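Residues in the sequence shown are numbered from 5 upward in steps of one, following my numbering.
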Amino acid sequence: MNRIKIYTDRHKIAEFERSVNETIEASNSLIRIFEEFQPFMRINSVMDFETLVDDPEGTFDKVLISNINLNNSFGLKPDPATAAQLFNIDRPNYLNLVAGMPIQWDDCKPCQKAKIKKGKRAISFERYRAYSDYITFEGGEFVPNPEAIEAKIQTFDVYAETPEQLSIYNHFKELVTILNKHDTLYPMPGPDKEKLTKIFGLMIERPPYEGKFLINPQSLMEQIFKY
Numbered sequence: 005m006n007r008i009k010i011y012t013d014r015h016k017i018a019e020f021e022r023s024v025n026e027t028i029e030a031s032n033s034l035i036r037i038f039e040e041f042q043p044f045m046r047i048n049s050v051m052d053f054e055t056l057v058d059d060p061e062g063t064f065d066k067v068l069i070s071n072i073n074l075n076n077s078f079g080l081k082p083d084p085a086t087a088a089q090l091f092n093i094d095r096p097n098y099l100n101l102v103a104g105m106p107i108q109w110d111d112c113k114p115c116q117k118a119k120i121k122k123g124k125r126a127i128s129f130e131r132y133r134a135y136s137d138y139i140t141f142e143g144g145e146f147v148p149n150p151e152a153i154e155a156k157i158q159t160f161d162v163y164a165e166t167p168e169q170l171s172i173y174n175h176f177k178e179l180v181t182i183l184n185k186h187d188t189l190y191p192m193p194g195p196d197k198e199k200l201t202k203i204f205g206l207m208i209e210r211p212p213y214e215g216k217f218l219i220n221p222q223s224l225m226e227q228i229f230k231y
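Here it is, written out as structure tokens:
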């Protein structure tokens, strides 16, 4: 069955694209913060990142502990704060950064190198997962996935598909054609044209009443989805 595109939700597209870009920026920011604050581990895969984003604090501490060469024959668990001090690692500022808490900016060299925004909590795992299908991990950072993004954008197109919906579309198409033909043969006063746009839920080329009558996609969509 034929279908006719009647409306593209530009607002939803803009919201979606902004959310994808924010997810990329926030994910890469977390990577930079993590890598600037410790020298032991680099994020080399999606799996590495998902471990980090799921628990930024715990992942950081595990990396510190795993790189301490201490005699642990008594089964005692090393303290991450102590481990950080041994390596001269600024653990307090890292924890504050990923939690969106205040930091000692002037004394925090990793903060300045990471080029991060103050007071913004690290991206959550849930937020990352909500848009992970639309981003790709390449060369140690996330970038857009154009094919996935384009496929999603197409879902914001609205179509007339059923016989009832197509009939409504054709009705308004013919209505606009007739009104414009009539206006050409017998020019209507501007105020009358403005009234007709309101009566029939149409648009005009140059509001409030100059130019040709046009189908109003938003109004047409509302009519179509009554069926």
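Ideal Cβ positions, reconstructed from N, Cα and C, are used throughout, including at glycine.
Computed from a predicted model, the values in this text were never measured in an experiment.
Check: residue i C-beta below 7 Å from any heavy atom of the ligand COA
i          : result
residue 51 : The ligand COA is not part of this structure, which contains no ligands at all.
Residues near residue i in its chain [Cβ-Cβ closer than 7 Å; skip 5 each side]
i           : result
residue 94  : 41, 112 and 114
residue 132 : 27, 31 and 57
residue 213 : 194, 195, 197 and 198
residue 225 : 10, 11 and 162
Bounding residues of the beta strand (DSSP E) (the contiguous stretch that carries residue i)
i           : result
residue 217 : 214 to 219
residue 210 : 206 to 210
residue 161 : 161 to 164
Sequence-distant residues of the same chain with beta carbon closer than 6 Å to residue i, five excluded per side
i           : result
residue 234 : Residue 234 is absent from the structure shown; the chain starts at 5 and stops at 231.
residue 20  : none
residue 60  : 102 and 126
residue 179 : none
Continuous alpha helix (DSSP H) stretch holding residue i: start and end
i           : result
residue 191 : First-last for residue 191: undefined, no H or E at that position.
residue 22  : 14 to 41
residue 84  : 84 to 90
residue 103 : 95 to 103
residue 51  : 50 to 58
residue 134 : 129 to 135
Identified DSSP bridge partners for residue i
i           : result
residue 147 : 140
residue 9   : 163
8 Å contact criterion, which residue i and residue j should meet: CB distance rounded
i           : j           : result
residue 23  : residue 135 : 6 Å
residue 172 : residue 228 : 5 Å
residue 200 : residue 219 : Going by Cβ atoms, the distance from residue 200 to residue 219 rounds to 13 Å, so no, they are not a contact pair.
residue 25  : residue 44  : Their Cβ separation, rounded to whole angstroms, is 30 Å, which puts residue 25 and residue 44 out of contact at 8 Å.
residue 156 : residue 138 : 6 Å
residue 35  : residue 53  : 7 Å
residue 17  : residue 204 : Contact flag wrong, Cβ pair sits at about 28 Å.
residue 184 : residue 216 : 5 Å
Neighbourhood of residue i by C-beta distance below 8 Å, restricted to the same chain and skipping five residues each side
i           : result
residue 104 : 123, 124, 125 and 126
is_contact[residue i, chain D] using C-beta, thresh 8 Å
i           : result
residue 137 : Of the protein chains in this structure there is only one, and it is not chain D.
query = Are three or more beta carbon pairs between the region 54 to 73 and the region 142 to 152 nearer than 8 Å?
reply = no
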